[in-house]
Amino acid sequence: MSLDLDPRTRPSGPSVVATPRLRTIGRRLRFWGVLLAVLGIVTALVIAIGGIPTTGPTLSAANADGNGAKALIEVLRQNGVHVSTPTTLAAAERAVAAAPGTTTLAIIDEYGRLDRARLGALTAGAAEIVLVDPDDALLGALAPEVFEAGVVPSRLRADCGLRPVQRAGTVSANTTMYGYTVDGTVASEKCLGSGGGVYSLIRLAENGTPTTVLGTGSALRNDTIAVEGDAALGLGVFGAHPNLVWFRPAHAEGATPNATGPVAPPLPGWVGLIELLAIVVLAAAIAWRGRRFGPLVIERMPAVVRASETMEGRARLYARSSDRLHALDALRIGSVGRLAVLCGLPHTATVEDIIGSVCALTGRSRDEVRGILLDDVPRTDRQLVQMSDALVALEREVDAAARPS
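Numbers 1 to 405, taken from UniProt numbering, label the letters of the sequence shown in order.
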């Protein structure tokens, strides 16, 4: 497209490129500076109010956070139970062998880290085994008669003759508890039932070492141990013998072909807080910087483009996209403006006023004139040409009626 330069608007001197000043650069970087300041202030407030929350391993004997089990372990020690808290398989084997026949072995293997082939040596000298929230792999190794049954309600009542359950009365936790089913041909004590043959405490004592499957591990946490009968259940189950080995493996040992669950502990709790904060800040930034622009500013340009070139360019675009209605609307806008002038109407007249005046001058019906100027939609190129011709004919007719001489 060629450009015609208007001498009156042509620049008279050489072009000058101005180097951005520090103030201009500062205005451009103002948004990011404010964003960083807000993030710094919020982070400082979080640290000042309560610090960044952290959590330790779940049901760890040394973890004093809400998800730990330090409260239960300390109360057991105060009641005369000698508690060992090994974190490796070798250390757990030595702790059980140190007091054979008088030790309760509690196994908490939430991440499937234990070597199933070495569990026989670990449990050989235990007086009782307690499996806390075991998965199918651990059950298959130490309690093959018991099977997982999924999540159960977080409030369970005493429904068997075991003394720890009777003393507890009601077991309740704010987190997840699990249920299990047992082979009906095996002698067992089933407690804390949730219906459908699903129980959260099953004790097997028919062959070998008595084994208790306990699905209420969340009731042993520091933040739930004081709720209802949770403490009584924990003290009764784990305090039945003078020695307790609380074994929660800290890392994988040996081959674990049947291990299930995540390979690493979950992310710290403060990660979710930081993610939420980032989402809020991002939403605020989008709302701030994504606002609508103001009205367009008319700027004098040194180049003058002929109207015919603009018309031909738009016509090519409409033809390429087969947008017949936009092409017809462009013609209608010009016709409506010229008809208003021929009818002697002011520039504030509406299209309905123009249609009424055209009908009065030409004697055509209102529906016919309205269809030509507004309503008719071209479906084909032939119809577009016919409607364009109708606009031209209507203008000529109005012009002849307005100037009969």
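For every residue, glycine included, the Cβ atom is placed at its ideal position computed from N, Cα and C. Being a predicted model, the structure only gives us computed values, none of them experimental.
Rounded separation between residue i and residue j - CA only
i, j, result
"H251", "A168", "33 Å"
"S84", "D109", "16 Å"
"G261", "G112", "Low per-residue confidence applies at G261: pLDDT is 44, beneath 50, and the placement is therefore not dependable enough to give any value."
"A117", "L138", "11 Å"
"V151", "G120", "29 Å"
"E228", "L29", "57 Å"
"S15", "S335", "Reliability fails at S15, whose pLDDT of 40 lies under 50, so the model's placement of it is uncertain and no value is given."
"P100", "L204", "20 Å"
"D230", "L105", "19 Å"
"T87", "A64", "17 Å"
"T209", "I279", "53 Å"
"D375", "R314", "22 Å"
"H347", "A340", "8 Å"
"R396", "A349", "21 Å"
"L328", "V304", "26 Å"
"T256", "D115", "Reliability fails at T256, whose pLDDT of 42 lies under 50, so the model's placement of it is uncertain and no value is given."
"A259", "G196", "Because A259 sits at a pLDDT of 40, beneath the cut-off of 50, its placement in the model cannot be relied upon, and the point is left open."
"P134", "V38", "46 Å"
"R10", "R306", "Model confidence at R10 stands at a pLDDT of 41, short of 50, so the residue's coordinates are unreliable and nothing is read from them."
"V369", "V358", "8 Å"
"A264", "H82", "A caution first: A264 carries a pLDDT of 48, below 50, which makes its placement in the model unreliable, though a value can still be read off. About 30 Å."
"L325", "V377", "6 Å"
"T362", "P295", "40 Å"
"Q166", "P249", "31 Å"
"L282", "G272", "15 Å"
"D389", "L345", "24 Å"
"Y180", "R77", "30 Å"
"C191", "G184", "14 Å"
"I372", "W32", "55 Å"
"A360", "R338", "16 Å"
The beta strand (DSSP E) enclosing residue i, as first and last residue numbers
i, result
"G195", "S188 to G195"
"L156", "R155 to R157"
"residue 406", "Because the chain in this structure spans residues 1 to 405, residue 406 falls outside the shown range and cannot be described."
"I129", "E128 to V132"
"E148", "V146 to V152"
"residue 415", "This structure cannot speak to residue 415, because the chain is shown only from 1 to 405."
"V171", "T170 to S172"
For residue i: DSSP bridge partner residues
i, result
"W246", "A106"
"I279", "Note: I279 sits in no beta bridge, so no partner."
"Y199", "Y180 and G193"
"L214", "V132 and L201"
"V83", "L244"
Residue from the options whose Cα sits closest to the Cα of residue i
i, options, result
"V146", "V182, A315 and V75", "V182"
"S60", "W288, G184, V245 and E397", "V245"
"I202", "Y178, S218 and A219", "Y178"
"L235", "D223, P210 and P164", "P164"
"A98", "I107, R332 and L122", "L122"
"S365", "L394, H82, T350 and H347", "L394"
"R155", "L373, L114 and S218", "S218"
"A143", "R157, P153 and E128", "E128"
"R379", "S322, A187 and A126", "S322"
"V75", "G239, L277 and L192", "G239"
"T102", "N243, R332, L273 and G363", "N243"
"residue 407", "G371, G184, G80 and C160", "Look at the range of the chain in this structure, 1 to 405, and you will see that residue 407 is not part of it."
"A149", "A124, T185, W32 and G215", "G215"
"L131", "I274, G56, V237 and N67", "V237"
"T224", "E275, N67 and A319", "N67"
"A141", "T211, C191, P302 and E189", "T211"
"L331", "C343, R320, E312 and L345", "E312"
"N222", "G40, T58 and I41", "T58"
"L89", "A287, F247 and R157", "F247"
"L45", "I274, Y199, G125 and G344", "I274"
"L276", "D136, V42, L220 and G56", "V42"
"I333", "C191, I73, V392 and T185", "V392"
"L36", "A285, A126 and E309", "A285"
"T170", "E189, S188, V186 and S200", "S200"
"A71", "E309, V198, A226 and G40", "A226"
"H241", "A126, A62 and A400", "A126"
"V198", "L162, V186, L220 and P153", "P153"
Residue interval of the alpha helix (DSSP H) (run including residue i)
i, result
"G140", "D136 to L142"
"G162", "It should be pointed out that residue 162 corresponds to Leu in this sequence rather than to Gly. Note, L162: premise wrong, no alpha helix (DSSP H); not H, not E."
"E74", "K70 to Q78"
"T123", "L119 to T123"
"T362", "V351 to T362"
"H251", "Looking at the DSSP string, H251 is not in any alpha helix (DSSP H), and its letter there is neither H nor E."
"I298", "Unbroken run through I298: none, as it is neither H nor E."
"V227", "Run containing V227: none; DSSP gives neither H nor E here."
"H326", "R324 to L342"
"L89", "L89 to A98"
"V369", "R366 to R370"
query: Can we say the segment 171 to 180 touches the segment 85 to 98, given the rule of at least three CB pairs closer than 8 Å?
result: no
The segment 340 to 357 contacting the segment 384 to 391, beta-carbon criterion three pairs below 8 Å: no
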